[in-house]
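Structure, as structure tokens:
Chains as they are written, first to last, in my numbering: chain A, 139 to 303; chain B, 139 to 303.
Encoded structure:
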């Protein structure tokens, strides 16, 4: 079943990591976070999607967002390289953007737990994440946005999420 | 069963691609090629391994190698980005290295057909390619080199393969 507004966000599985394959993500239980799901690191739509969060970083923080988690069903080495590449491309420095996290859901366990996985084997070889954005406040899901098809870039873009905050 | 010297190299499966997810690799049936299998794009050992082939490119061609195929169980978008990144990092230009190919075995179908896959789910989330180098002449496997463990960089390095040519 797909995650819904009002659901409690479960703890991240041990396989959802940030920076290194053994560094499990710990979602804060207080404060406001955004979780952005993307189908594939280095794919053209995702490489247009994620920079909207890099560019809107200051505005999101001003609107009360504490942390931004970009999640893809890729391994941690790919997610690290991609995060660094995208921030550099947009004049940023990932080490200074301490509240944006490039997370590897290497086996898809996390997105499956949200009901937000899909079969991308024809293009990408395995199960991937739908394109989504969740806003979570104090551990409770407050907003769920899922694109109708993975390449679409409409309601999950940072500007659209910003409007709702 | 693992591929052996004297085996005929099968045609590449449709899911083994180069440059785009719908561009299936066509191995030449004449001439001499090297196929290099790597566990993961952007992992530190693979990012040390593959550049040895970029740096030895001219020497390999002088020794009669016609084409070099670098294969990873990653999708084509990741393999393209990684290939470009590695060649730039070593002062090269992938568009000029027309005989080196960064191939996506997105579902692992090709390396499974060679018996050269392994379970990397704990670190990378799925089945990956062992680290190997095959030399194939006129469609027949002439040399099979497989590292004892995936992070090892010994007998599959370009210089070691060069010595055997």
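Each residue gets a CB set at the ideal place from its N, CA and C atoms; glycine is no exception.
Identify every residue that forms a DSSP beta bridge with residue i.
| i | result |
| --- | --- |
| residue 243 of chain B | B:154 |
| residue 251 of chain B | Paired residues: none, contrary to the question. |
| residue 275 of chain A | A:170 and A:278 |
| residue 175 of chain B | B:209 and B:270 |
| residue 283 of chain B | B:271 |
| residue 256 of chain B | B:266 |
So for residue i, helix, strand or coil by DSSP?
| i | result |
| --- | --- |
| residue 231 of chain B | coil |
| residue 265 of chain B | strand |
| residue 204 of chain B | coil |
| residue 162 of chain A | strand |
| residue 188 of chain B | helix |
| residue 145 of chain A | coil |
Can you round the beta-carbon distance between residue i and residue j to whole angstroms, since I take them to be within the 8 Å contact cut?
| i | j | result |
| --- | --- | --- |
| residue 163 of chain B | residue 241 of chain B | 5 Å |
| residue 306 of chain B | residue 175 of chain A | Chain B is shown from 139 up to 303; residue 306 of chain B falls before or after that span and cannot be answered. |
| residue 157 of chain A | residue 277 of chain A | Incorrect: roughly 23 Å between the Cβ atoms, too far for contact. |
| residue 155 of chain A | residue 214 of chain A | 5 Å |
| residue 202 of chain A | residue 170 of chain A | 5 Å |
| residue 152 of chain B | residue 248 of chain B | Going by Cβ atoms, the distance from residue 152 of chain B to residue 248 of chain B rounds to 10 Å, so no, they are not a contact pair. |
| residue 141 of chain A | residue 252 of chain A | 4 Å |
| residue 173 of chain B | residue 207 of chain B | 5 Å |
| residue 199 of chain A | residue 237 of chain A | 7 Å |
| residue 145 of chain B | residue 279 of chain B | 5 Å |
| residue 235 of chain A | residue 192 of chain A | 7 Å |
| residue 297 of chain B | residue 143 of chain B | Incorrect: roughly 21 Å between the Cβ atoms, too far for contact. |
- prompt: Between the segment 249-265 of chain B and the segment 217-235 of chain B, do three or more beta carbon pairs fall short of 8 Å?
  reply: no
field: Cβ contact (3+ pairs, closer than 8 Å) linking the segment 174-191 of chain B and the segment 205-218 of chain A
entry: Short answer: they touch.
query: Within the chosen definition, does the segment 188-195 of chain A reach the segment 277-287 of chain A through at least 3 CB pairs nearer than 8 Å?
result: Inter-segment contact for the segment 188-195 of chain A and the segment 277-287 of chain A is absent: fewer than three beta-carbon pairs are separated by less than 8 Å.
message: Using a Cβ distance threshold of 8 Å, determine whether the segment 263-274 of chain B contacts the segment 229-237 of chain B, with at least three qualifying pairs required.
response: no
task: With 7 Å as the limit, tell me which residues of the segment 260-271 of chain A have their beta carbon closer than that to any beta carbon of chain E; keep them in chain order.
output: You won't find chain E in this structure, because its protein chains are A and B.
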